[in-house]
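There are 2 protein chains.
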Amino acid sequence: MEPLIHILEDDASLRDALVRFFRSTGLDAVAYASVASFLEERDVNRPGCLILDVRLPDMDGLDLHAQFNGLGITLPTIVVTGHGDIPMSVRAMKAGAVDFLAKPFRDADILAAVEVALERDRERRASNGEVMDVQSRYATLSPREKEVGGLIVRGLMNKQVAWELGLSEITVKIHRRAVMQKMGTKSLADLVRLMERLRRL
Amino acid sequence: MEPLIHILEDDASLRDALVRFFRSTGLDAVAYASVASFLEERDVNRPGCLILDVRLPDMDGLDLHAQFNGLGITLPTIVVTGHGDIPMSVRAMKAGAVDFLAKPFRDADILAAVEVALERDRERRASNGEVMDVQSRYATLSPREKEVGGLIVRGLMNKQVAWELGLSEITVKIHRRAVMQKMGTKSLADLVRLMERLRRL
DNA sequence: GATCGCCCTATACCTTCGTATAGGCGACAG
DNA sequence: CTGTCGCCTATACGAAGGTATAGGGCGATC
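Chains V and R supply the protein sequences, listed in that same order.
This note's numbering numbers the first residue of the first sequence as 1 and each following residue consecutively.
This note's numbering numbers the first residue of the second sequence as 1001 and each following residue consecutively.
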């Protein structure tokens, strides 16, 4: 899907100018006058980035950014402002903003920032997609299979797993095979790598 | 070892004030008047952080920070300045600075930043130490052992490794055992995790 | 030239893994 | 009630892994 640049900007003239500018470069952009309309209209599945003004009609932009981080809304964000200062810019960058631009900014600057933001979004979606895929497969494991899988990945032998869980070795083997099948791994090494990915978030 | 706060500051009075302040809080601090003296005197093995003024007698602080990043000198850095602006702060934060403070700043602010920086340094040293340990063990592997180890970790069976490298299966087993011994792993799962750490830088 | 480390191979034996086949028990839905 | 699913067990056999013992060739270093 084509990436979409969301613009949350107070000043109507700048808003329109930005939309026109991005469209002229072949990028799709859409502007919102309020936070509410942005939250309603945006398509969460579509890749993109957010250009966020600090001063908004219904909310403070930096607070909003912080809230997004808390909610897991991780659209890469570029913060812009007309009346900014250093502490504000530092706060935005600490919160993970891709860039912080004071108005008036040059077209080249905002475009460069957007390109970085879109690239960051691509990477996030790619790695996120893989993790989701692994998680969905992990979810199909029965409780016992998860237990067995966990111990196997920790390096225990079948007989050790059996003793640990109070089972017979043959039962462990069956669960083990089920784990491998459901996780779609052909070797223990692959299974270890997959399970490690799950453990990291 | 006790962490040490390095202070690279142009203004002599602020320099002394900072050193005295940190010592009063029980933190060890040392000030340098020039980049050259900092580079000479500092002990790379001692944990700590760096408070860096943008304007220095012999070099620009931000350029210095960027150079440090390029050279792998990863002492967590807090940038301070008397005459800063937004682009400067954004540049510093993008380069990985822990914080960016404009003079005059409050004691509480610089102290909070230092605590974050020291914590970041602790984490870095801990994970770095583990990686160095693994790397040193990996370095003891013979070329063949590295080849065999790589294929094993990719999930190949001994016979497949043998075919791949034009060896007999028994030879692969011997190399395999050597790899496990030298890397200090007792199971394939542990070996996979160790090798994955190496692959991630 | 001798020693040492690295690389390679072989036979033999045991352990562990993987799979097939066959069955029992309990829970739950249709 | 019957089918299905999760869970558990057993016997049996072939495949793969792990160890021990016993070698040979090669290059470097002393």
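Note that beta-carbon positions come from the ideal geometry of N, C-alpha and C, so glycine has one too.
Per-residue burial, V:M195 [other beta carbons within 10 Å of its own, 16 or more giving buried]: buried
Which of helix, strand or coil DSSP assigns to R:A1095: coil
Between the CA atoms of V:S37 and V:R46 - distance to the nearest angstrom: 17 Å
Contact between the stretch 16-28 of chain V and the stretch 122-132 of chain V (3+ Cβ pairs under 8 Å): no
V:D58 and V:V30 closer than 8 Å at C-beta: no
Reduced DSSP secondary structure (H/G/I, E/B, other) of R:L1191: helix
Stretch-stretch touch, CB-based, cutoff 8 Å, three pairs: the stretch 1108-1116 of chain R with the stretch 102-114 of chain V: no
Length at least 3, wholly inside the stretch 72-148 of chain V: the beta strand (DSSP E) runs in chain order: 77-81, 99-102
Member of R:E1009, R:N1128, R:S1142 whose CA lies at the smallest distance from the CA of R:G1082: R:E1009
Three-state secondary structure assigned by DSSP to V:V44: coil
Supposed close pair V:L141, V:K182 - CB separation, criterion 8 Å: 6 Å
Counterpart residues of R:V1035 in DSSP-defined beta bridges: Per DSSP, none; premise fails for R:V1035.
From V:V79, V:N158, V:R193, residue whose alpha carbon lies closest to that of V:R177: V:N158
For R:R1055, the three-state DSSP class (helix, strand or coil): strand
Contact set for V:R120: own chain, Cβ-Cβ below 6 Å, skip 5 residues either direction: P76
Nearest neighbour of R:V1098, chosen from R:A1117, R:P1104, R:V1148, R:D1060 [CA to CA]: R:A1117
Residues bridged to V:I170 [DSSP beta-bridge criterion]: DSSP, once it has assigned bridges, lists no residue as partnering V:I170.
Closer than 7 Å at the beta carbon, the chain V residues around R:I1086: G84, I86, S89, F100, A102
R:L1156 - DSSP class collapsed to helix/strand/coil: coil
Straight-line Cα distance separating R:L1198 from R:D1107: 41 Å
Residue interval of the alpha helix (DSSP H) (run including R:L1014): 1012-1024
Between the CA atoms of R:M1180 and V:N69 - distance to the nearest angstrom: 42 Å
C-alpha distance - R:E1169 paired with V:G26, whole-angstrom precision: 58 Å
Members of the stretch 168-187 of chain V near chain R, C-beta cut-off 7 Å: K186, S187
Between the CA atoms of R:G1084 and V:A102 - distance to the nearest angstrom: 14 Å
Listed by chain order, chain V residues near R:D1190 by CB distance under 7 Å: G155
R:F1100 vs R:S1089 beta-carbon contact at 8 Å: yes
Rounded separation between V:V192 and R:A1189 - CA only: 6 Å
Three-state secondary structure (DSSP) of V:L151: helix
Cβ shell of R:T1074 (< 8 Å), same chain only, five flanking positions each side left out: F1068, R1124
Given R:L1052 as reference, the closest of R:E1041, R:D1043, R:A1033 once Cα atoms are compared: R:A1033
Distance between R:P1087 and V:R42 (C-alpha atoms, nearest Å): 30 Å
Cutoff 8 Å: R:R1015 Cβ touching any chain V Cβ: no
Chain V within 8 Å of R:R1193, Cβ atoms only: yes
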